[in-house]
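Mapping of the sequence shown onto UniProt numbering: residues 1 to 629, in sequence order. Even for Gly, the Cβ is constructed at its ideal location relative to N, Cα and C. Some notes on the structure that comes next.
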Amino acid sequence: MTSPTVSKLVRGHRPLGRTQSAPLPQQPCGQTQALQQLVVQQQHQQFLEKHKLFQQQHIINKIMSKPGDQVSPPGSGAVVPSRHHQSHPEETEEELREHQGLSSSSSTSSSSSVPETGPMRGLVIKQEPLDLQEQEEREQRERQVEQDFLFNQQALLLEQQRIHQLRNYRASIEAAGLPVSIAVHRPLSRAQSSPASASFPIVVQEPPVKHQFTTGLVYDSLMQKHQCICGNATIHPEHAGRIQSIWSRLQERASGLSASQEELQTVHSEAHVLLYGTNPLRQKLDSSVNSMFVRLPCGGVGVDSDTIWNEVHSSAAARLAVGSVVELVFKVALGELKNGFAVVRPPGHHAEESTPMGFCYFNSVAIAAKLLQQRLNVSKILIVDWDVHHGNGTQQAFYADPSVLYLSLHRYDDGNFFPGSGAPDEVGSGAGEGFSVNIAFTGGLEPPMGDAEYLAAFRTLVMPIANEFAPDMVLVSSGFDAVDGHAPPLGGYKLTAKCFGYLTRQLMALAGGRLVLALEGGHDLTAICDASEACISALLGNELDPISFEVLQQRPNANAVHSMEKVVEIHGKYWCSLQRSASTLGCSLSEALQRDTEEAETVSAMASLSVANKHKRTEEEPMEEEALI
């Protein structure tokens, strides 16, 4: 994997928090701190100006309170009374210099002045004595100004302390992982009634920025608009309520962005991308493309009998689903997130290079894997597909690629269940031979597969092969149509939602925990909500609901054992780890754990015996040498 710096330059995506239809979000932390700093600077500057004016006014008052020193030759009793100096802020410095110059030159002018000629000769200039009451009022005003100054200084100090406390509180809340929302205000300028600034700036230590290494979720409401124009969701199992109900359950929000045409073409043909990914360009194509769409019994339009097409919104929703998965996968691969779950639609694992099918238009997981290879040089990627239907599109994309291990658990029924692909002997081609592993369950629904069968498959097939492969990144096509609640045509299996939490927890032990789940199939709202919640609880590291005692003691049914034995028979030559686990295919989970414990104890006992025998021989050797002497 390349460095994050290089990879970020290659992957030119906006942050998750930005959507096409939503306004730009506020950044409460950075904006609030910047505005608070600006307020403090403005108030400090205003204080300096106020303090300067106060000192100048004080000096002027002292100057004006002195009697006049410029005296002409005696003999004239004419008196020119002085005016009280009324200053404006813009004039204060200039007038102050004039008064200071007048005061400093008074002694010189009185001692060395030459008698003037003209009408001013003999004129005596004196300052009229100040009235005592007026002087007392001036002193009282000065004292009031000083008191107001001190009061306002204290008020600003308290305000800055409050800001500091708010910052500390926000830092503690962020450290606890809770959302913080602080209203952003405009910086306040100095008003006539607002307090003056403090005499010194208070430097507040900024709390360090702490990034939460946690689980990411991605979703956008635009994907809900991909729906049949008939408006009747009850007859279309792949409908907007699927992701809407999951998102309502999770109560978290992180938005994605649309995939580019270049990204879509890493898996799909150019014609396919133009046809289903760009509405304006599709209209310019040959009119024969209209034959690729069919009229559905409900009155809507689709590409087949159940894959609906909305002329206005479907292409945007499909591209957004891909872009959301890619963005989340990149954030996990770069270490910005610990793991993630993408709540997206339409699904993607059935979409082939040039063919949409099974509700799918673009293969989101396959595109994300291709981009990981091309832009981040991720060398080994594991794709686990536990949708009840085989992911024919994903298998096709990596059928000859040894750097991507595709491992699918699905209902096969000897090719009689949709899409009919995913036979155990579909193992890959060329250099990719052995890197397509299909755990294809047969036997129909007599009995249906459940928790015991999937836990056994993970214990004996999925995890041994995955550990031997040692991936750098794990992607999951996370369909939940194997959960109990789906009719036989859409699944018919009887897995519980909590089982998927345990499957997720096992995959988290791979690739340093770099794991992303992307929603694929699943149409019963209660089932997919419960299963999504269980998977995300596992991703978050929460304690999972315990597996029932019945499931722990239950052995996988005969059809499941036969299907798993077929996988061991075919893939045993590719994966050495299968030979060891083959002996426990028919065991219950508790039996397998007991057998593992006994084997561990046996190995430990044999190791202890070996060490004891070696120690015994070491003690006996000197005696033998002594006997020889």
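Status (buried if at least 16 other CB within 10 Å, exposed otherwise) for residue i
i: G75; result: For G75, the predicted model reports a pLDDT of 42, less than 50, meaning its position is unreliable; a value from the coordinates is still stated below. That one is exposed.
i: K498; result: buried
i: T597; result: exposed
i: M564; result: buried
i: D425; result: exposed
i: A271; result: exposed
i: K331; result: buried
i: M223; result: buried
i: M449; result: buried
i: N377; result: exposed
i: I381; result: buried
i: Q396; result: buried
i: E263; result: buried
i: F549; result: exposed
Distance between beta carbons of residue j and residue i, contact taken as under 8 angstroms
i: T526; j: G485; result: 6 angstroms
i: A531; j: S364; result: Not confirmed; about 18 angstroms, so no contact.
i: G479; j: G521; result: 4 angstroms
i: L507; j: D451; result: With 8 angstroms as the limit, L507 and D451 do not qualify as a contact, their Cβ atoms being about 16 angstroms apart.
i: G216; j: L337; result: 4 angstroms
i: E453; j: A560; result: 4 angstroms
i: V325; j: I439; result: With a Cβ gap of about 24 angstroms, V325 and I439 do not count as contacting.
i: T266; j: I163; result: With 8 angstroms as the limit, T266 and I163 do not qualify as a contact, their Cβ atoms being about 50 angstroms apart.
i: A321; j: R345; result: 6 angstroms
i: L552; j: S590; result: 5 angstroms
i: T278; j: G358; result: The pair is not a contact, with the Cβ atoms about 22 angstroms apart (cut-off 8 angstroms).
i: F362; j: A351; result: 6 angstroms
i: P464; j: S588; result: P464 to S588, Cβ: 18 angstroms. No contact.
i: D387; j: S260; result: About 26 angstroms separates the two Cβ atoms, so there is no contact after all.
i: S269; j: S354; result: 5 angstroms
i: T460; j: L585; result: 5 angstroms
Best match in the options for proximity to residue i [C-alpha to C-alpha]
i: G391; options: E426, L371, G422 and F149; result: G422
i: S314; options: L275, L250 and A470; result: L275
i: A558; options: Q374, Q261, P447 and I439; result: P447
i: Q228; options: G300, L455, F149 and P346; result: Note that residue 228 is Cys in the sequence shown here, rather than Gln. Checking every option, the nearest Cα to that of C228 belongs to G300.
i: V462; options: P488, T234, R141 and H571; result: H571
i: G513; options: V483, F149, D481 and V474; result: V474
i: Y412; options: V404, G430, Y493 and Q373; result: Y493
i: residue 630; options: D401, N339, R375 and S354; result: This structure cannot settle anything about residue 630, because the visible part of the chain is limited to 1 through 629.
i: G335; options: C587, Q554 and V516; result: V516
i: H410; options: Q373, D401, F458 and V404; result: F458
i: S258; options: T234, M292, V218 and T355; result: V218
i: H523; options: D220, E136, V294 and R242; result: R242
Local conformation of residue i per DSSP, three classes
i: G512; result: helix
i: G430; result: helix
i: S113; result: For S113, the predicted model reports a pLDDT of 43, less than 50, meaning its position is unreliable and no value from the coordinates is stated.
i: T92; result: With a pLDDT of only 47 at T92, under the threshold of 50, the placement of this residue in the model should not be trusted, and no figure is reported.
i: H268; result: coil
i: G521; result: coil
i: V79; result: In this prediction, V79 has a pLDDT of 39, which is less than 50 and means its spatial position is unreliable; what the coordinates show is noted afterwards. If DSSP states are grouped into helix, strand and coil, V79 belongs with coil.
i: A397; result: helix
i: S477; result: strand
i: I547; result: coil
i: K50; result: helix
i: P119; result: With a pLDDT of 41 at P119, under the threshold of 50, the modelled position of that residue is not reliable, and the figure given next carries that caveat. P119 falls in the coil class under three-state DSSP.
i: L217; result: strand
i: P345; result: Looking at the sequence provided, one finds Arg at residue 345 rather than Pro. If DSSP states are grouped into helix, strand and coil, R345 belongs with coil.
i: I229; result: coil
i: V145; result: helix
i: R580; result: helix
i: R295; result: strand
i: G415; result: helix
i: V303; result: coil
Unbroken alpha helix (DSSP H) run spanning residue i, endpoints
i: Y454; result: D451 to A457
i: F330; result: S314 to A333
i: D530; result: L525 to L539
i: F500; result: A497 to L507
i: H389; result: Taken as a continuous stretch (DSSP letters only), H389 belongs to no alpha helix (DSSP H), as it is neither H nor E.
i: R411; result: No alpha helix (DSSP H) holds R411; the beta strand (DSSP E) holding it covers V404 to R411.
i: N467; result: M463 to F469
i: Q374; result: S364 to L376
i: G241; result: G241 to L250
i: I570; result: A558 to H571
Residue i - containing beta strand (DSSP E), residue span
i: L382; result: I381 to D385
i: G340; result: N339 to A342
i: I439; result: S436 to F441
Closer than 7 angstroms: residue i CB and nearest the ligand HEM heavy atom
i: N438; result: No copy of the ligand HEM occurs in the structure displayed, which carries no ligand at all.
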